[in-house]
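J.:
Chains as they are written, first to last, in the numbering used here: chain A, 1 to 175; chain B, 176 to 276.
1) From what residue to what residue does the alpha helix (DSSP H) around residue 44 of chain A run?
2) Since residue 211 of chain B meets chain A, which of its residues come closer than 9 angstroms, beta carbon to beta carbon?
3) Can you list, in chain order, the residues of the segment 36-53 of chain A whose Cβ is nearer than 8 angstroms to any Cβ on chain B?
4) Going by Cα to Cα distance, which pick from A:46, A:139, A:21, A:26 is closest to residue 74 of chain A?
5) Which same chain residues, not among the five before or five after residue 237 of chain B, have their C-beta less than 8 angstroms away from its C-beta?
6) For residue 254 of chain B and residue 151 of chain A, I'd like the C-alpha separation in whole angstroms.
7) What residues are listed by DSSP as bridge partners for residue 272 of chain B?
8) Is residue 158 of chain A close to chain B? Criterion is C-beta to C-beta, closer than 7 angstroms.
9) Looking at residue 256 of chain B and residue 266 of chain B, is the spacing between their C-beta atoms short of 7 angstroms?
10) Who are residue 233 of chain B's beta bridge partners in DSSP?
11) Would you call residue 5 of chain A buried or exposed, if buried means 16 or more other Cβ atoms sit within 10 Å of its Cβ?
12) Rounded C-beta distance between residue 199 of chain B and residue 29 of chain A? I'm assuming under 8 angstroms.
13) Just the Cα atoms here: how many angstroms apart are residue 113 of chain A and residue 181 of chain B?
14) Measure the C-alpha to C-alpha separation of residue 189 of chain B and residue 102 of chain A and round it to an integer number of angstroms.
15) Verify the CB distance criterion: does residue 16 of chain A have a CB-CB separation below 7 angstroms to chain B?
16) Apart from the five residues on each side of it in sequence, which residues of its chain come closer than 8 angstroms, Cβ to Cβ, to residue 233 of chain B?
17) I'd like the list of long-range same chain contacts for residue 241 of chain B, defined as Cβ closer than 8 angstroms, with 5 residues on each side in sequence excluded.
18) Which of the three DSSP states, helix, strand or coil, is assigned to residue 219 of chain B?
19) In chain order, what residues of the same chain lie with their CB nearer than 7 angstroms to the CB of residue 36 of chain A, ignoring the 5 residues before and after it?
20) How about residue 41 of chain A and residue 57 of chain A: do their beta carbons lie closer than 7 angstroms?
21) Could you check whether the Cβ of residue 221 of chain B sits closer than 7 angstroms to any Cβ belonging to chain A?
22) Do you know offhand how far residue 176 of chain B's Cα is from residue 228 of chain B's?
23) With distances taken from CA atoms, which of A:129, A:135, A:9 is nearest residue 49 of chain A?
24) Taking residue 11 of chain A as the reference, which of A:24, A:23, A:43 has the closest Cα?
25) Exposed or buried, which one is residue 145 of chain A when buried takes at least 16 other CB atoms within 10 Å?
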């Protein structure tokens, strides 16, 4: 049962991830990426990480992908974007590099024995993650909040700047 | 037969390679960005799988921080893409070479 479920979800994940990179239309790429993230959330539930699964749906499939789809529709790109980079040479070099990384993974995972640990259901709950987060990882947590604040300020500063040729700025930083 | 650690690692490696192929072969900056998200998620899957099989909660904490960094990165990156689009009317990375030398 678990094996069948895993194979089904993994198949949908890989196929939708492939469709993300081969679809010409950016909007359908975004939607297939959302599907990939939902499948990953299901895998997290199978791994007993309920909190991470909820975060995946809320943060990734919710917030980040809404931002993506907003920008895609704002820029209003046509579907006539060419699929390759200039010329087939760089395309095949790209696929070759990806295949090389896969080969490294194959060599690294060859003959791997899976540990047969029982699932510890107390590990992925909100309370256990919260306890670990606010005891051992308080400082990184605060640094992450400062990082998000810096990102917000940086984005606002970058977007609200007027085009360079529109105005000659007098007296320094009018942004 | 049960779903072992290596199954998740295979899936993670496959997703990562798909992300690499997307970054290296596409020209649309938005698709390249989505491929980077795909790679981040592949690594997250490996983290959660290790966290279940060791078993140790630190992997899931790290996934939380990866998500926070990914959110900040997406906000800044999309702002850069919008700014470039305002300037060049395009998100084709072959035309965004005005910062080269």
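Beta carbons: idealized from backbone N, C-alpha and C, even for Gly.
T.: Looking at the coordinates:
1) For residue 44 of chain A, the enclosing alpha helix (DSSP H) starts and ends at 26-46.
2) Counting only Cβ-Cβ distances below 9 angstroms, residue 211 of chain B has no contacts in chain A at all, with the closest Cβ about 11 angstroms away.
3) Those would be 36, 37, 40, 43, 44, 46, 47, 48, 49, 51, 52, in chain order.
4) Looking at the Cα atoms, A:26 is the closest of the given residues.
5) If the five residues before and after residue 237 of chain B are omitted, its C-beta is found closer than 8 angstroms to the C-beta atoms of 222, all from its own chain and listed in chain order.
6) So the two alpha carbons sit approximately 10 angstroms from each other.
7) Looking at the DSSP assignment, residue 272 of chain B forms no beta bridge with any residue, so it has no partner.
8) Interface with chain B (7 angstroms Cβ-Cβ cutoff): residue 158 of chain A is included.
9) Contact: yes.
10) In DSSP, residue 233 of chain B forms no bridge with anything.
11) With fewer than 16 neighbouring CB atoms inside 10 Å of its own CB, residue 5 of chain A falls in the exposed class.
12) Not quite, the Cβ-Cβ distance comes to about 16 angstroms (not below 8 angstroms), so this is no contact.
13) So the alpha carbons of these two residues sit roughly 8 angstroms apart.
14) Looking at the backbone, the Cα of residue 189 of chain B and that of residue 102 of chain A are separated by about 7 angstroms.
15) Judged by the 7 angstroms Cβ criterion, residue 16 of chain A is not in contact with chain B.
16) Once the five neighbours on either side are set aside, the close Cβ partners of residue 233 of chain B are 226.
17) So the list reads 215, 218, 219, 222, once near-sequence residues are dropped.
18) Correct three-state label for residue 219 of chain B: helix.
19) Correct list, in chain order: 13, 16, 17, 20.
20) Contact: yes.
21) Answer no: the Cβ-Cβ gap between residue 221 of chain B and chain A never drops below 7 angstroms.
22) Each residue's alpha carbon lies about 16 angstroms from the other.
23) Minimum Cα distance to residue 49 of chain A is reached at A:129.
24) Closest by alpha carbon: A:43.
25) Result: exposed.
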